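Enquirer:
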Amino acid sequence: MDNQYPELENKNAIIRMFHVTKRYGAQLALDDVSLDVEANEFLFLTGPSGAGKSTLLKLLYLADSISEGQILLKGMNLSRLPKKRLPFLRRNIGVVFQDYKLIPTRTVFDNIALVMEVAGASAKQIKRKVGYLLRTVDMEHKAGAFPQSLSGGEQQRVAVARAICGDPDIVLADEPTGSLDAESAKVIMELLFGIHARGATVMVATHDEALLHSTRRRIVTLKQGRVVDLGL
Ligand SMILES: Nc1ncnc2c1ncn2[C@@H]1O[C@H](COP(=O)(O)OP(=O)(O)OP(=O)(O)O)[C@@H](O)[C@H]1O
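Numbering (the UniProt record's numbering), first residue to last: 1 to 232.
#1: How many angstroms separate the CA atom of Y132 from the CA atom of A39?
#2: DSSP has Y24 in a bridge; who is on the other side?
#3: Enumerated in chain order, which unbroken segments of the alpha helix (DSSP H) with a length of 4 residues or greater are wholly contained in the region 114–191?
#4: Do you know how far the Cα of G47 is from the Cα of E209?
#5: Bridge partners for T226 per DSSP, in chain order?
#6: With H, G and I counted as helix, E and B as strand and the rest as coil, what does DSSP make of A13?
#7: Could you work out which residue in H19, G25, V37 is closest to L232 when comparing CA atoms only?
#8: With DSSP run on the structure shown, which of helix, strand or coil describes D32?
#9: Who are the Cβ neighbours of V96 in its own chain at under 6 angstroms, not counting the five residues just before and after it?
#10: Identify every residue that forms a DSSP beta bridge with T46.
#11: At the level of alpha carbons, what is the spacing between R135 and A197?
#12: Would G52 and L192 be called neighbours here (beta carbons separated by less than 8 angstroms)?
#13: Please list, in chain order, all residues with a C-beta atom less than 5 angstroms from at least one heavy atom of ligand 1.
#14: For I93, list the residues DSSP reports as bridge partners.
#15: Below 8 angstroms on the Cβ atoms is my guess for residue 234 versus I93; work out the distance and round it to an integer in Å.
#16: Would you list the residues sitting across from A205 in a DSSP beta bridge?
#17: Buried or exposed, going by whether 16 or more other CB atoms sit within 10 Å of the CB of I188?
#18: Leaving out five residues before and five after Q155 in sequence, what residues of the same chain have Cβ atoms less than 7 angstroms from its Cβ?
#19: Around the Cβ of R128, are there at least 16 other Cβ atoms within 10 angstroms (buried) or fewer (exposed)?
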């Protein structure tokens with residue numbers, strides 16, 4: 001394992017952040033964040049607007065690079081990862097965004113199938129898996145529809161199916177219920193709890209006070225880029 005901090009060895013952690021700082025120009029988005037996430041944990045990330053929640057998730061799904069510090073994902077140091085290993089690592093991470101980010105020119109079926117297509121799965125494998133996922137998120141009847149014809153809750157159900165299509169070990173969700181009504185939000189959270197129950201590590205960034213009050217799971221709180229409560 002490419003671990004610069006052997007004194008902090010934690011064999012159960014699937015995500016390890018050590019003194020991570022992220023700057024956008026002069027703006028400090030994350031400030032000396034250290035955080036371990038255990039394999040198969042379900043964890044909430046919260047904090048006021050601008051606290052750094054999206055930035056933290058972005059660093060984990062490799063959409064942005066860190067300014068200082070280290071991140072180990074499944075024991076791999078992201079700063080030292082050869083570029084050719086990036087696609088492999090990305091396939092192990094499913095991402096759900098607040099604004100769904102479905103591809104407008106592809107059908108529901110094809111949006112979900114994309115991850116498997118890229119990974120080189122056969123048409124038969126794709127049909128079986130996407131069919132199963134469509135049933136799981138109760139969207140079988142909309143397989144041929146295009147995203148713009150769906151409600152927000154339906155689009156988010158498709159986005160969750162897409163996120164888990166490649167059987168990722170880690171699912172990162174950034175305000176997945178932020179633009180949904182209470183009933184749709186509940187469905188999305190149940191899907192995420194289901195993914196967790198099947199073995200994935202799940203991190204959910206949210207402002208949703210009702211959700212946070214009703215949970216007994218770990219809540220990590222950020223404020224102005226710093227972790228102010230590890231929720232342990
Ligand atoms: N691409 C960027 N360029 C410049 N500044 C950025 C960029 N992305 C984020 N920031 C800044 O970094 C800080 C953290 O932003 P971030 O989006 O991570 O917060 P957040 O906790 O997710 O907020 P919200 O709950 O409003 O989504 C903010 O001050 C933001 O303005």
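Cβ coordinates follow ideal geometry from the N, Cα and C atoms, glycine included. As the structure is a prediction and not an experimental result, all values here were calculated from the model.
Expert: Looking at the atomic coordinates:
#1: 25 angstroms
#2: In the DSSP output, where bridge partners are listed per residue, Y24 has Q27.
#3: 123–136, 152–164
#4: Between the alpha carbons of E209 and G47 lies a gap of roughly 10 angstroms.
#5: According to the sequence shown, residue 226 is Arg rather than Thr. Per DSSP, K223.
#6: strand
#7: V37
#8: The answer is strand: DSSP assigns D32 an E or B state.
#9: The beta carbon of V96 sits closer than 6 angstroms to those of A159, V160, A163, A173, P176, all from its chain and outside the five residues before and after it, given in chain order.
#10: T221
#11: 18 angstroms
#12: no
#13: Y24, Q27, A29, S49, G50, A51, G52, K53, S54, T55
#14: I170
#15: Beyond the ends of the chain as shown, which are 1 and 232, falls residue 234; an answer cannot be given.
#16: L45, D174.
#17: buried
#18: Y100, L102, P147
#19: Classification for R128: exposed.
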